[in-house]
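Residues in the sequence shown are numbered from 57 upward in steps of one, following the working numbering. Idealized CB from N, CA, C, for every residue including glycine.
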Amino acid sequence: MGGGARASAPRMTALLRPAMERDLSQLAQIEKSSFADPWSEESFRRLLGVAPAIFLVALFPPDEAVAGYVVAFSIAEDGELLNVAVDPKFRGKGLAGQMLDAALIELGARRVRTAFLEVRESNSAARALYKSRGFTEIGRRSNYYRRPVEDALVLRRTLEVAEGDGRRAQGSFADC
Ligand SMILES: CC(C)(COP(=O)(O)OP(=O)(O)OC[C@H]1O[C@@H](n2cnc3c(N)ncnc32)[C@H](O)[C@@H]1OP(=O)(O)O)[C@@H](O)C(=O)NCCC(=O)NCCS
Numbered sequence: 057m058g059g060g061a062r063a064s065a066p067r068m069t070a071l072l073r074p075a076m077e078r079d080l081s082q083l084a085q086i087e088k089s090s091f092a093d094p095w096s097e098e099s100f101r102r103l104l105g106v107a108p109a110i111f112l113v114a115l116f117p118p119d120e121a122v123a124g125y126v127v128a129f130s131i132a133e134d135g136e137l138l139n140v141a142v143d144p145k146f147r148g149k150g151l152a153g154q155m156l157d158a159a160l161i162e163l164g165a166r167r168v169r170t171a172f173l174e175v176r177e178s179n180s181a182a183r184a185l186y187k188s189r190g191f192t193e194i195g196r197r198s199n200y201y202r203r204p205v206e207d208a209l210v211l212r213r214t215l216e217v218a219e220g221d222g223r224r225a226q227g228s229f230a231d232c
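Laid out in C-alpha cells, this is it:
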C-alpha cells in the first residue's frame, strides 16, 4: 500500500454510525480494493451486534455512500484495532483519522487502558496514520502476514484518563 508524503487535500467530516447489514456489500468492496488478503463479507457480518466489537462506518452526504470503516475490540482493559480502511476515492481527507479517534474514544469509554494493533511494515500510509494518533512501535511479528508474506509491526498506545475517572486508560490495537 502506498506511503510517503502526500499532498494536503480538503478535509471532510463524515457521519459515523454503527455498521448495519445493509452496509456489508459496500464494506466488502472497499475491503477488496484495500487489501491483498481481504476479509469476506461474512467476516464482517459476524461482527454485527457483537458486544466487544466497535464496528463503525463513515458515510458521506448527499447519498450517504459508505466511505470507510473501523473495527476494534475491547477485552477488559485491553483494546485491539482489527481493521480500518477508506474507499480509495475518499482517502486523504481526514476520514481514517476521524474514525480512529471515534474508536479510541469508545475504547476509553469502555475503560480500556491500552490499545494495540499490528501493521504491515511496508504500509507507510497506515503507519503515518497511527503515528499521528500517538501509537508507538513495541515489537515485531516475523512473517505475520500472507499475500505477500511480511513482518507485522506491533504498535501500542496508552489511552487518556477521563476527567474525574481517577484511572489511567491505555489502548492497544491489533491485527489490522
Ligand atoms: C491507511 C488509510 C486507512 C488512511 O486513510 P485516509 O482517510 O486517507 O487517512 P487520513 O486522511 O485520515 O489521514 C490521517 C493521517 O494519516 C497519515 N496518512 C494517511 N495516509 C497517508 C499517506 N498516503 N501518506 C502519508 N501519510 C498518510 C497522515 O499522517 C494523516 O495525517 P495528516 O492529517 O497530517 O495528513 C487508507 O490509506 C487505506 O484505507 N489504506 C488501505 C487499508 C489499510 O492499509 N488499512 C490499515 C491497515 S493496518
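- Apart from sequence neighbours up to five positions away, the residues of its chain that approach SER90 with a beta-carbon distance below 6 angstroms are ALA141, ordered along the chain.
- Taking C-beta atoms as the reference points, PRO144 and LEU112 fail to come closer than 8 angstroms.
- Relative to the non-hydrogen atoms of ligand 1, the Cβ of LYS149 comes within a distance shorter than 7 angstroms of at least one.
- By the neighbour-count criterion, in which 16 or more other beta carbons inside 10 Å mark a residue as buried, LYS149 falls on the buried side.
- Bridge pairing for ALA181: absent [DSSP].
- Closest in C-alpha terms to LEU156, from the list VAL127, ASN179 and ASP134, comes VAL127.
- Within the same chain, Cβ atoms closer than 6 angstroms to the Cβ of ASP79 are found at VAL113 and VAL122, the five residues on either side in sequence being excluded.
- Selection MET76, LEU72, LEU115 and GLU133 evaluated against VAL106 yields MET76 as nearest (Cα-Cα).
- Scanning its chain for C-beta atoms nearer than 8 angstroms, with the 5 sequence neighbours on each side dropped, one finds around GLU206 the residues ARG176, GLU177, SER178, ASN199 and TYR200, in chain order.
- Of the residues assessed, ALA152 falls on the buried side of the cut-off, its CB having 16 or more other CB atoms within 10 angstroms.
- By a beta-carbon distance limit of 8 angstroms, ARG167 contacts GLU133. Their separation comes to about 7 angstroms.
- A direct Cα-Cα distance of roughly 6 angstroms separates VAL210 from GLU193.
- Every alpha helix (DSSP H) stretch that sits fully inside the region 93-126 and reaches 4 residues is listed by chain position as 97-101.
- Taking 4 residues as the minimum length, the alpha helix (DSSP H) runs contained wholly in the region 133-219 are 151-165 and 180-188, in order along the chain.
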